[in-house]
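Inspection log for the structure reproduced underneath, given as structure tokens.
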Amino acid sequence: MQYRKFGSLDWEVSALSFGAMRLPVLDDKSSKINEPLATAMLRRAIDAGVNYVDTAWGYHQEQSEPFLGRALKDGYREKVHLATKMPSWLIKEAADFDRYLETQMERLDVDHLDLYLLHTLNKRHWDKLKALDVLTWAEKKMSEGVFHHFGFSFHDQYSVFESIVNDYDNWAMAQIQYNYIDVDYQAGRKGLKLAADRGMAVVIMEPLRGGMIAKDPPPEPVAETYASSERDWSPVAWALNWLWDQPEVSTTLSGMSAMEHVEENLALATEAGLAEFTDADHALIDAVRKAYASLEPIPCTQCEYCLPCPSGVAIPRIFDVYNEAVSFDAWGHGRWVYNNMIKPEERADNCTECGECEAICPQNIKIIQWLATVHERLAEPAA
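For what it's worth, the numbering used here labels the leading residue of the sequence shown as -16, then goes sequentially.
Next comes the structure, spelled out in structure tokens:
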């Protein structure tokens, strides 16, 4: 196992870390963790040198933390740095800080946490938590030894990330979504470098974009691009090695759901190092990114000339969700995003076909026709 600096802290972290969000389950139900298999996977990873384990309040319908409390027995808790996260969206008052933390520690069956994170921070959550004085509370808990270090996971625009980083001098780490597709998404590469420059560790989530860029074989244009390289790497190897080549990356979380995932990732992590990527490798990844983009059926550039829509339809956002579903053959994910992350009043079926958007679209997209197609493909049927 290769190890890397964890920000400015005085310990090193394994290049690969274990995320307890996509554990193997029974009966296709996320709340029914396959405990014998998941325990074997976790302990295999730790025995091979993985020393960072990440979970959160809501993972596996609140069953991930209790599972880890059992799986980390027999001396395994002492071998890892354990992180869990405050459910920011559930916090209503300052008293909730202690209430959730105490419940999480009971679930995990621990007397302290190595790291405690504010989960899924965006501007709204951060403004609320700041107003409730979460930073003073965190300083007190750290002085008492309840948790040793404080950090956050992030889901918003870069400007919000920058503001959060600047609001507190003692952040130990940030957890961001980052992969070779999402270089400019949310915190992105700018956020990675900003946090590292401030001495923060950066933990990478979604290194395989929820498995979208791990498919083997990948779509034909992507497969052809990979085949042009002399390297005999799998899509997973390309994605992880691209991350591990960057010195600002402290560790890469993997949500492994099968033992073969553990074995493949461990094999890659034993060879993970800096300066492994050549100029040709970087050029190839740029070409892979373009190959995925070439699969997008709607030529929307997100210029937003079509906004505001008179009917309130979130046109660019809807097209982005659909393009992603097509490019990565991720229809389940696309439907979930469309039906859960886009407000009903902003979905495509609110289009009145007024045509204002088509008259000003620089790409001459047949927006009305595409909105109908998107809604037909992604909307859940009425109950």
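Every residue gets a Cβ at the ideal spot worked out from N, C-alpha and C, and that includes glycine.
task: Please determine if the stretch 327 to 335 and the stretch 355 to 364 are in contact, where contact requires at least 3 C-beta pairs separated by less than 8 Å.
output: yes
- prompt: Taking Cβ positions, are A155 and A184 nearer each other than 8 Å?
  reply: On the sequence shown, residue 155 is found 172 positions in, with the first residue counted as 1. On the sequence shown, residue 184 is found 201 positions in, with the first residue counted as 1. It is a contact, given that the beta carbons lie within the stated cut-off.
message: Let me check understanding here. Comparing Cα to Cα, which of L(-8), S0, K326 lies closest to E189?
response: For the purposes of this step, residue 189 is taken as residue 206 along the sequence shown, with counting starting at 1. Nearest C-alpha to E189: S0.
message: Suppose the cutoff is 6 Å on Cβ atoms and the five residues either side in sequence are ignored; what does the same chain contact list for Q160 look like?
response: On the sequence shown, position 177 is the one that residue 160 refers to. Closer than 6 Å at Cβ, skipping near neighbours: Q169, M188, E189.
- prompt: Among residues of its own chain, excluding the 5 on either side of E207, which ones have a beta-carbon nearer than 6 Å to its beta-carbon?
  reply: Indexing the sequence shown from 1 puts residue 207 at position 224. Excluding sequence neighbours, E207 sits near nothing in its chain.
query: Excluding five sequence neighbours on each side, which residues of the same chain lie with their C-beta closer than 7 Å to the C-beta of Y42?
result: Residue 42 sits at position 59 when you count from the first residue of the sequence shown. Cβ neighbours of Y42 beyond the five flanking positions: A3, M4.
task: Return helix, strand or coil for V185, following the three-state DSSP convention.
output: For this step, residue 185 is matched to residue 202 along the sequence shown. In this structure, V185 counts as strand in the three-state DSSP scheme.
- prompt: Can you list, in chain order, the stretches of the alpha helix (DSSP H) that have 4 or more residues and sit fully within the stretch 98 to 139?
  reply: 106 to 114, 117 to 126
- request: Take R27 and list the residues in its own chain whose beta-carbon comes closer than 6 Å to its own, dropping the five residues that flank it on each side.
  value: For the purposes of this step, residue 27 is taken as the residue at position 44 of the sequence shown. Closer than 6 Å at Cβ, skipping near neighbours: V245.
- prompt: Rounded C-beta distance between T67 and E48? I'm assuming under 8 Å.
  reply: Looking up residue 67 in the sequence shown gives position 84. Looking up residue 48 in the sequence shown gives position 65. Contact flag correct, Cβ pair sits at about 6 Å.
- prompt: Does the distance from the C-beta atom of V(-4) to that of T234 stay below 8 Å?
  reply: Taking the sequence shown and counting its residues from 1, one reaches residue -4 at position 13. Taking the sequence shown and counting its residues from 1, one reaches residue 234 at position 251. For V(-4) and T234, yes; Cβs fall inside 8 Å.
- prompt: Using the C-alpha atoms, what's the distance from D10 back to F378?
  reply: A question about residue 378 goes unanswered here, because the residues of the chain that appear run from -16 up to 366.
- request: Could you check which residue in H138, I147, Y151 has the C-alpha nearest to that of E122?
  value: For this step, residue 122 is matched to residue 139 along the sequence shown. Here the closest residue by C-alpha is Y151.
field: Whole-Å CB distance - D92 paired with G52, under 8 Å assumed
entry: If you number the sequence shown from 1, residue 92 lands on position 109. If you number the sequence shown from 1, residue 52 lands on position 69. Contact holds; Cβ gap of about 4 Å.
field: Endpoints, the beta strand (DSSP E) within which L73 is located
entry: Taking the sequence shown and counting its residues from 1, the one referred to as residue 73 is at position 90. Here L73 belongs to no beta strand (DSSP E), and DSSP marks it neither H nor E.
message: If distances are taken between C-alpha atoms only, which option among M69, I29, E76 comes closest to G57?
response: Here residue 57 is taken as the residue at index 74 of the sequence shown, counted from 1. Per the sequence presented here, residue 57 reads as Asp, with Gly not at that position. D57 has its Cα closest to that of I29, out of M69, I29, E76.
query: How many Å lie between E307 and Q87 at the Cα?
result: Numbered from 1 along the sequence shown, position 324 holds the residue referred to as residue 307. Numbered from 1 along the sequence shown, position 104 holds the residue referred to as residue 87. If you take the alpha carbons of E307 and Q87, they lie about 35 Å apart.
field: Top-ranked residue by Cα proximity to P218, from L236, Q229, S240, L251
entry: By one-based count along the sequence shown, residue 218 stands at place 235. Closest option to P218, Cα to Cα, is L251.
task: Please say whether Y141 and R272 have beta carbons closer to each other than 8 Å?
output: The residue you call residue 272 lines up with position 289 of the sequence shown. The residue you call residue 141 lines up with position 158 of the sequence shown. Cβ distance not < 8 Å, so R272 and Y141 don't count as in contact.
message: Suppose you measure from the CA of L278 to the CA of W(-6); what does that come to, to the nearest Å?
response: For the purposes of this step, residue 278 is identified with residue 295 of the sequence shown, where counting begins at 1. For the purposes of this step, residue -6 is identified with residue 11 of the sequence shown, where counting begins at 1. Straight-line Cα distance between these residues: approximately 43 Å.
message: Suppose only complete runs of 3+ residues qualify. What are the beta strand (DSSP E) ranges in the stretch 183 to 269, listed by chain order?
response: 184 to 188, 234 to 237
- request: Going by CA-CA distance only, name the one from N34, G(-10), T284, S294 that's closest to A157.
  value: As a position in the sequence shown, residue 157 is number 174, starting the count at 1. Closest by alpha carbon: G(-10).
message: I need the straight-line Cα distance from L55 to D94, nearest angstrom please.
response: Against the sequence shown, residue 55 aligns to sequence position 72. Against the sequence shown, residue 94 aligns to sequence position 111. Rounded to the nearest angstrom, the two C-alpha atoms are 13 Å apart.
message: Can you look up V320 in the DSSP assignment and give me helix, strand or coil?
response: The sequence position of residue 320 within the sequence shown is 337, counting from 1. Note: V320 maps to helix in three-state DSSP.
field: Paired residues, beta bridge with R(-13) - DSSP
entry: As a working note, residue -13 is residue 4 in the sequence shown. Answer by DSSP bridge pairing, in chain order: V(-4).
- prompt: So H138 and L98 are in contact, right, with Cβ under 8 Å, and what is the actual spacing, rounded?
  reply: Numbered from 1 along the sequence shown, position 155 holds the residue referred to as residue 138. Numbered from 1 along the sequence shown, position 115 holds the residue referred to as residue 98. Going by Cβ atoms, the distance from H138 to L98 rounds to 18 Å, so no, they are not a contact pair.
- prompt: Alpha carbon to alpha carbon, how far is K113 from L84?
  reply: Against the sequence shown, residue 113 aligns to sequence position 130. Against the sequence shown, residue 84 aligns to sequence position 101. Rounded to whole angstroms, K113 to L84 spans 17 Å at the Cα level.
task: Check whether the Cβ of E254 sits closer than 7 Å to any heavy atom of the ligand FAD, and report yes or no.
output: No copy of the ligand FAD appears in this structure; indeed no ligand is present at all.
query: To the nearest angstrom, how far is it from the Cα of H64 to the Cα of W40?
result: Here the question's residue 64 lines up with position 81 in the sequence shown. Here the question's residue 40 lines up with position 57 in the sequence shown. Rounded to whole angstroms, H64 to W40 spans 17 Å at the Cα level.
Extent of the continuous beta strand (DSSP E) run through V36: As a position in the sequence shown, residue 36 is number 53, starting the count at 1. Where V36 is concerned, the enclosing beta strand (DSSP E) stretches over 35 to 37.
Status (buried if at least 16 other CB within 10 Å, exposed otherwise) for A178: Here residue 178 refers to the residue found at position 195 of the sequence shown. A178 should be labelled buried.
message: For a test of the three-state rule: what should DSSP assign to F302, helix, strand or coil?
response: For this step, residue 302 is matched to residue 319 along the sequence shown. Helix at F302.
message: Quick check on the burial criterion: 16 or more other C-beta atoms within 10 angstroms. Buried or exposed for E61?
response: Taking the first residue of the sequence shown as 1, we reach residue 61 at position 78. So E61 ends up on the exposed side.
field: Cα-Cα separation between A303 and A23, rounded to whole angstroms
entry: The count along the sequence shown starts at 1 and reaches residue 303 at position 320. The count along the sequence shown starts at 1 and reaches residue 23 at position 40. Reading off the sequence, residue 303 comes out as Asp, not Ala. Whole-angstrom Cα-Cα distance: 39 Å.
- prompt: Just how far apart, CA to CA, sit P201 and R192?
  reply: For this step, residue 201 is matched to residue 218 along the sequence shown. For this step, residue 192 is matched to residue 209 along the sequence shown. Taking the straight line from one Cα to the other gives about 13 Å.
- request: Please classify H64: does DSSP put it in a helix, a strand, or coil?
  value: Your numbering for residue 64 matches position 81 in the sequence shown. Strand, per DSSP.
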